[in-house]
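S.K.: Chains as they are written, first to last, in the numbering used here: chain E, 1426 to 1809; chain X, 53 to 353. The beta carbon of each residue, even a glycine, is placed where N, CA and C say it ideally should be.
1. Using a threshold of 8 Å, state whether the C-beta atoms of residue 1665 (chain E) and residue 1550 (chain E) are closer than that.
2. Where do the N-terminal and C-terminal ends of the beta strand (DSSP E) with residue 1591 (chain E) fall, by residue?
3. Looking only at DSSP bridge pairs, what is residue 202 (chain X) linked to?
4. Count the other CB atoms, across all protein chains shown, that sit within 10 Å of the CB of residue 208 (chain X); report buried if there are 16 or more and exposed otherwise.
5. If you run the structure through DSSP and keep just helix, strand and coil, what is residue 1383 (chain E)?
6. Is residue 263 (chain X) close to chain B, meaning its C-beta is less than 8 Å from at least one C-beta of that chain?
7. Below 8 Å between beta carbons: does that hold for residue 1620 (chain E) and residue 1731 (chain E)?
8. Please report the straight-line C-alpha distance between residue 79 (chain X) and residue 218 (chain X), rounded to a whole angstrom.
9. Tell me whether residue 1434 (chain E), by its Cβ, gets closer than 7 Å to a heavy atom of the ligand SAH.
10. For residue 1670 (chain E) and residue 1578 (chain E), I'd like the C-alpha separation in whole angstroms.
11. With the cut-off set at 8 Å, would you say residue 1641 (chain E) and residue 1736 (chain E) are in Cβ contact?
12. Quick check: the Cα distance between residue 77 (chain X) and residue 212 (chain X), rounded to an integer number of angstroms?
13. If we define contact as Cβ-Cβ less than 8 Å, is residue 1564 (chain E) a contact residue for chain X?
14. Check each candidate in E:1573, E:1769, E:1746 and E:1513 and name the one with the smallest Cα separation from residue 1618 (chain E).
15. If distances are taken between C-alpha atoms only, which option among E:1655, E:1607, E:1702 and E:1648 comes closest to residue 1459 (chain E)?
16. In this structure, does DSSP put residue 193 (chain X) in helix, strand or coil?
17. Closer than 9 Å by beta-carbon distance: list the chain X residues that pair up with residue 1589 (chain E), in chain order.
18. I need the DSSP call for residue 1491 (chain E), collapsed to helix, strand or coil.
19. Let me know if residue 252 (chain X) comes out buried or exposed under the rule of 16 or more other beta-carbons within 10 Å of its beta-carbon.
20. To the nearest angstrom, how far is the alpha carbon of residue 287 (chain X) from that of residue 1480 (chain E)?
21. Quick check: is the beta carbon of residue 1753 (chain E) nearer than 8 Å to any beta carbon in chain X?
22. Given a cut-off of 8 Å on the beta-carbon distance, is the pair residue 158 (chain X) and residue 172 (chain X) in contact?
23. Residue 1675 (chain E) versus chain X: which residues are under 9 Å apart at the beta carbon?
24. Just how far apart, CA to CA, sit residue 1652 (chain E) and residue 1545 (chain E)?
25. Grab the span of the alpha helix (DSSP H) containing residue 1640 (chain E) for me, first residue to last.
26. Have a look at residue 298 (chain X) and residue 1529 (chain E) and give me their C-alpha separation to the nearest angstrom.
27. Determine, using beta carbons only, whether residue 1640 (chain E) comes closer than 8 Å to chain X.
28. Please return the same chain residues whose Cβ sits closer than 6 Å to the Cβ of residue 1462 (chain E), not counting the five positions on each side in sequence.
29. Within the region 100-149 of chain X, note down every full beta strand (DSSP E) run reaching 3 residues or more, in order along the chain.
30. Any residues in the region 1597-1618 of chain E with a beta carbon nearer than 9 Å to a beta carbon of chain X? Which ones, in chain order?
31. Show which residues of chain X have a CB atom less than 9 Å away from the CB atom of residue 1652 (chain E).
32. Which residues in the same chain have their Cβ closer than 7 Å to the Cβ of residue 1571 (chain E), if we skip the five residues on either side of it in sequence?
33. Under 8 Å, do residue 129 (chain X) and residue 120 (chain X) count as touching if we go by C-beta distance?
34. Can you give me, in chain order, the residues of the region 1759-1785 of chain E that have a beta carbon less than 7 Å from any beta carbon in chain X?
This is the structure:
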C-alpha cells in the first residue's frame, strides 16, 4: 500500500514540476504583463488592434513556462508553433502580407501628384539614422541593419529583413516596430508641430486629379520593374506589392484581388502576429539588447518623421506659390499605412477645419512602403 | 494592316532581345553548366583515403550555383577524344550536389567500388574534363601542365574561381579558401565604422529609385492629362449646336435629363411634362473622390 502511495505522490510531484507554476520565472511574469498591456491598448484604446491582439496574445502563449522537450515551444523543432513560426523565420509571411497590401492600396494620390513619391524617400532617413546609432552602441553590422529597419515603420519589412540579417533579434525588432507603429498618433504630432510654423500648416494643396485605369496599371508594372531593377534584393516584397496592386487595378482579377486583400492577408496576419508574439519567450527576449532595440526604435521613428517634414519644407523652397506642399504630410513618408496619413489629417484639421490632408498624405504614405522595401533591399545587399 | 505590321515588328523586337539575353552569362540557367572541377590530387601517398581506406588520386567537383544540381548522367574523362569515358550513374541521391556543395570522385580505376570510383587514374593524365549528359557539351576542363607534387593538391584558389595553384591544405569536399574572411557587413563597417557611408549610399539609391519613378510618372501623367484635355475639347465642340454629329457624344446633362425623365416615369410622375431641370456643379472645399477615408478604422481614443 505504501509503495502505491509513494508511486502516486511521485507522479503528482512529477506532474507539478511540469506545470507552468513550477517553471515560471520573473521574466515570464514581466512578459505576460507586457502581453496584457498590448491587449489592453488594442481593446481599450484601439491602438492597431489587428496587430496588437494577435501579438499580445502570442506573448501570453510564448510565456507560459513549460518543461522543455515536449515539442511545445515556438523554438522547439517539431512543435506546432515551430511549424507556424517557419513562415516568419524563412521570410514567407511578409511578402504575402505585401501582396494583400498591394491589393488594397489605391496609388491614385501618388500617381496624380508624383512629387509626393520623394517624401517617401526622405522619410527613410530614419532607417539609416538608426543604423548609425546602433553601430555606435556596439551592435554588429547585421544587427544594426536589422534594427534600423524599424525606422521604416513597416512590420512585414522589419520581420523580413531581421529574419535574414539577425534572426535572434527578430522578436524584439518585430515587437518594437509594431509597438511604435501603434504609437504613431502619439509620437508624430509633437514633432510635426515643432518643425512647422502656423503659415505652413495652413497651406492648401490642389485637389488630386482623377487617375485613369490605364495609368494605374502602368504604375503597377513600371513601379515593379523600375524599383527591382535598381534593388533586386527587394524583389520578394516589391514584386508581391505591385503584383497585388495589378490584381486590383487590372479589373479582371477581382476574385484574386479580393482573396489577397481579404482572407489571405487576414490568415497571414493572424499567423505572423501570434508567432512573432510567441517568439518573445522571456528566456530569449528579456535581454539588454532588447531594451536597446526599443530605444533605437523610438529614435528611428523620430528621425524618420523629422526627415519627412524637413524635406517637404526644403521642397517648398523650390516650388511656386499655389503648388506648395503642406509640411504636415511629411510625417506620412514613414510607411505606417494609413495611420501616419491619418495623423496628417488630424493635425491639419486642428489648424484649419476645412483643410483635408488625408488624400494628399496617402501619396507619401504608400511611397513610404515602396521606399522602406527598397531600403531593406539595400541593407540586405550590403550586409548579407 | 498597320496594326498587324506594328505587332509583327514588336514580336521581332522581343525575339531579338531574347536571343541577345540568351547569349549572355546572366541568362545562364542554374544547371550542370554551373559545375566546376575544383581541386585534384594526382599523387596520393598519405593524403585523403577513400571509403575503402585506400590512397588514390581524386577529383573534387564544385556546384557554383545556388540550387542543387544532379551530376548524375554527366561524364568524367581523362581523354578528350573519348568524352563519355566514365558515365556517372543516375538515380542515386548522392549525385545531387547541394547549393555551393562538393562531391569527390576517386580515380582508382575501380568503378565496381561505387559510383564515385572512376574507371581511370590520374598518374599519367594531362587533361581532366567534365561533359554534360549529352556527351558533347564540355562543362569544364583542366589541363595538367605542371609536374604534380606528392600529397599536394592542385586547385582553384577560391571555389569556382579562375586562378589555379598548388594548395597549402588539401580540402576534399570543403572550401578551398581557408583564409579568414570578414562577412560583407564586417567589411563594410571596417571602411565605414560610423555608418555615414551607408547612409549616403543608401539614401542616394532610395532617392534614385523613387526619383526615377517620379520622373516617369510625371511624364506619363502629363501625357494622360493632355489626352484628357484634348478629349474634353472634342466633346465641347461636339456639343456646339450644328456641330453635334455623333450620337454617342451625348453630354452629361443630356444623360441626366434622360435619367430624370425615366425616374419620373417610373415614379408615375409623368404628368410634369414641362419641368426645367437645373444641373449645378456642386462646389465643395473637399471632395471625397476616393472613399478611402470611409474605410479607415476609427482613430484611437
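M.R.: So, to answer that:
1. Sequence index remark: in the first chain, residue 1665 (chain E) carries index 240 (1-based). Sequence index remark: in the first chain, residue 1550 (chain E) carries index 125 (1-based). For the 8 Å CB-CB criterion, residue 1665 (chain E) and residue 1550 (chain E) do not form a contact.
2. Counted from its first residue, the first chain places residue 1591 (chain E) at position 166. First-last for residue 1591 (chain E): undefined, no H or E at that position.
3. Taking the second chain and counting its residues from 1, the one referred to as residue 202 (chain X) is at position 150. Answer by DSSP bridge pairing, in chain order: X:95.
4. The residue you call residue 208 (chain X) lines up with position 156 of the second chain. It is buried - the Cβ of residue 208 (chain X) has at least 16 other Cβ atoms within 10 Å.
5. As shown, chain E starts at 1426 and ends at 1809. That puts residue 1383 (chain E) outside it, with no answer to give.
6. The structure shown contains no chain B; the protein chains it does contain are E and X.
7. Against the first chain, residue 1620 (chain E) aligns to sequence position 195. Against the first chain, residue 1731 (chain E) aligns to sequence position 306. Annotated as proximal: residue 1620 (chain E) and residue 1731 (chain E), with beta-carbon spacing under 8 Å.
8. The count along the second chain starts at 1 and reaches residue 79 (chain X) at position 27. The count along the second chain starts at 1 and reaches residue 218 (chain X) at position 166. Low confidence applies here, because residue 79 (chain X) scores a pLDDT of 38, under 50, leaving its location unreliable; read the following figure in that light. Going by the C-alpha atoms only, they are around 33 Å apart.
9. The ligand content of the structure shown is nil, which means the ligand SAH is not present either.
10. Mapped onto the first chain, residue 1670 (chain E) falls at position 245. Mapped onto the first chain, residue 1578 (chain E) falls at position 153. Roughly 20 Å separates the two Cα atoms.
11. For the purposes of this step, residue 1641 (chain E) is taken as residue 216 along the first chain, with counting starting at 1. For the purposes of this step, residue 1736 (chain E) is taken as residue 311 along the first chain, with counting starting at 1. With contacts defined by Cβ atoms closer than 8 Å, residue 1641 (chain E) and residue 1736 (chain E) do not form a contacting pair.
12. Along the second chain, one-based indexing puts residue 77 (chain X) at 25. Along the second chain, one-based indexing puts residue 212 (chain X) at 160. Since pLDDT at residue 77 (chain X) reaches only 43, below the 50 mark, its modelled position is unreliable, and the value read off the structure follows with that caveat. In a straight line, the C-alpha of residue 77 (chain X) is about 15 Å away from that of residue 212 (chain X).
13. Taking the first residue of the first chain as position 1, residue 1564 (chain E) is located at position 139. No, residue 1564 (chain E) does not count as interfacial toward chain X.
14. Walking along the first chain from the start, residue 1618 (chain E) turns up at place 193. Among E:1573, E:1769, E:1746 and E:1513, the Cα nearest to that of residue 1618 (chain E) is on E:1769.
15. Locating residue 1459 (chain E) in the first chain gives position 34, counting from the first residue. Residue 1459 (chain E) has its Cα closest to that of E:1702, out of E:1655, E:1607, E:1702 and E:1648.
16. Taking the second chain and counting its residues from 1, one reaches residue 193 (chain X) at position 141. DSSP places residue 193 (chain X) in strand when its eight states are reduced to three.
17. Counted from its first residue, the first chain places residue 1589 (chain E) at position 164. For residue 1589 (chain E), there are no neighbours in chain X by C-beta distance under 9 Å, as the nearest C-beta there is about 12 Å away.
18. The sequence position of residue 1491 (chain E) within the first chain is 66, counting from 1. Assignment of residue 1491 (chain E) by DSSP, reduced to helix, strand and coil, places it in the coil class.
19. Counting from one through the second chain, the residue named residue 252 (chain X) turns up at place 200. By the 10 Å Cβ count, residue 252 (chain X) comes out exposed.
20. Position 235 of the second chain, counting from 1, holds the residue named residue 287 (chain X). Position 55 of the first chain, counting from 1, holds the residue named residue 1480 (chain E). If you take the alpha carbons of residue 287 (chain X) and residue 1480 (chain E), they lie about 56 Å apart.
21. What you label residue 1753 (chain E) is simply residue 328 of the first chain in a count that begins at 1. Answer no: the Cβ-Cβ gap between residue 1753 (chain E) and chain X never drops below 8 Å.
22. Within the second chain, the letter at position 106 stands for residue 158 (chain X). Within the second chain, the letter at position 120 stands for residue 172 (chain X). Between residue 158 (chain X) and residue 172 (chain X), the C-beta gap is not smaller than 8 Å, which leaves the two residues out of contact.
23. Along the first chain, one-based indexing puts residue 1675 (chain E) at 250. Those within 9 Å of residue 1675 (chain E) in chain X number zero; the least Cβ separation is about 17 Å.
24. Your numbering for residue 1652 (chain E) matches position 227 in the first chain. Your numbering for residue 1545 (chain E) matches position 120 in the first chain. Near 14 Å, if we compare the C-alpha coordinates of residue 1545 (chain E) and residue 1652 (chain E).
25. Start at 1 with the first residue of the first chain, and residue 1640 (chain E) comes out as number 215. That run of the alpha helix (DSSP H) goes 1638-1655.
26. As a first step, residue 298 (chain X) is located in the second chain; it is residue number 246 there, counting from the start. As a first step, residue 1529 (chain E) is located in the first chain; it is residue number 104 there, counting from the start. Its pLDDT being 49, under 50, residue 298 (chain X) is placed unreliably by the model, and nothing is read from it.
27. Working through the first chain from its first residue, we reach residue 1640 (chain E) at position 215. Nearest CB-CB separation between residue 1640 (chain E) and chain X: below the 8 Å threshold.
28. Here residue 1462 (chain E) refers to the residue found at position 37 of the first chain. Once the five neighbours on either side are set aside, residue 1462 (chain E) has no close Cβ partner at all.
29. Taking only runs of at least 3 residues, the beta strand (DSSP E) segments lying wholly in the region 100-149 of chain X are 109-115 and 127-129.
30. Per Cβ criterion, the list reads 1607, 1610 and 1611.
31. As a working note, residue 1652 (chain E) is residue 227 in the first chain. In chain order: 261, 262, 264 and 265.
32. Residue mapping note: residue 1571 (chain E) aligns to position 146 of the first chain, counting from 1. Excluding its 5 nearest sequence neighbours in each direction, residue 1571 (chain E) has C-beta neighbours in its own chain below 7 Å: 1586, 1587, 1590, 1591, 1594 and 1598, listed in chain order.
33. Here residue 129 (chain X) refers to the residue found at position 77 of the second chain. Here residue 120 (chain X) refers to the residue found at position 68 of the second chain. Taking 8 Å as the cut-off, the Cβ atoms of residue 129 (chain X) and residue 120 (chain X) do not count as close.
34. Listed in chain order, the positions of the region 1759-1785 of chain E with a beta carbon within less than 7 Å of a beta carbon of chain X are 1763, 1767, 1771, 1779, 1781, 1783 and 1784.
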